[in-house]
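Written below as structure tokens is the structure these notes are about.
In this note's numbering, the protein residues as written are 209 to 306.
Here is the structure:
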């Protein structure tokens, strides 16, 4: 059972294949059918050791339905790149982002 963002694993997806120049607004536009929890603050880019974007990001969503909508975007394009969308959870996101 998935719990809400306040107390459990949350509603999280991981995006892979993002352009290195990708912005929060680009992610919001890509997931425009979904409610992103806390708006721009719900988008978390993963960075390399050199401080550059890795092409991956975690996005906290508002509900399980938003996760399902996001998963339907798997392999859709952002610019000339296709984006992979995976279901994830808060524990993985916190571990990767620390």
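No residue lacks a Cβ here, since even glycine has one placed at the ideal position from N, Cα and C.
For a quick check, are the C-beta atoms of residue i and residue j less than 9 Å apart?
| i | j | result |
| --- | --- | --- |
| residue 311 | residue 239 | This structure gives no information on residue 311, because the portion of the chain shown stretches from 209 to 306. |
Shortest alpha-carbon distance to residue i belongs to which of the options?
| i | options | result |
| --- | --- | --- |
| residue 267 | 283, 249, 281 and 280 | 249 |
| residue 251 | 288, 283, 242 and 290 | 242 |
| residue 230 | 289, 293, 217 and 258 | 289 |
| residue 237 | 284, 261, 260 and 218 | 284 |
| residue 262 | 303, 224 and 217 | 224 |
| residue 222 | 216, 254 and 247 | 254 |
| residue 305 | 275, 265 and 292 | 265 |
Using only the alpha-carbon positions, how far apart do residue i and residue j sit?
| i | j | result |
| --- | --- | --- |
| residue 294 | residue 279 | 7 Å |
| residue 212 | residue 257 | Reliability fails at residue 212, whose pLDDT of 48 lies under 50, so the model's placement of it is uncertain and the value that follows must be treated cautiously. Taking the straight line from one Cα to the other gives about 31 Å. |
| residue 218 | residue 273 | 12 Å |
| residue 228 | residue 235 | 12 Å |
| residue 298 | residue 233 | 22 Å |
| residue 270 | residue 245 | 5 Å |
| residue 226 | residue 291 | 6 Å |
| residue 303 | residue 220 | 13 Å |
| residue 296 | residue 247 | 18 Å |
| residue 287 | residue 281 | 14 Å |
| residue 275 | residue 216 | 15 Å |
*Can you list, in chain order, the stretches of the beta strand (DSSP E) that have 3 or more residues and sit fully within the segment 250 to 287?*
251 to 255, 261 to 268 and 284 to 286
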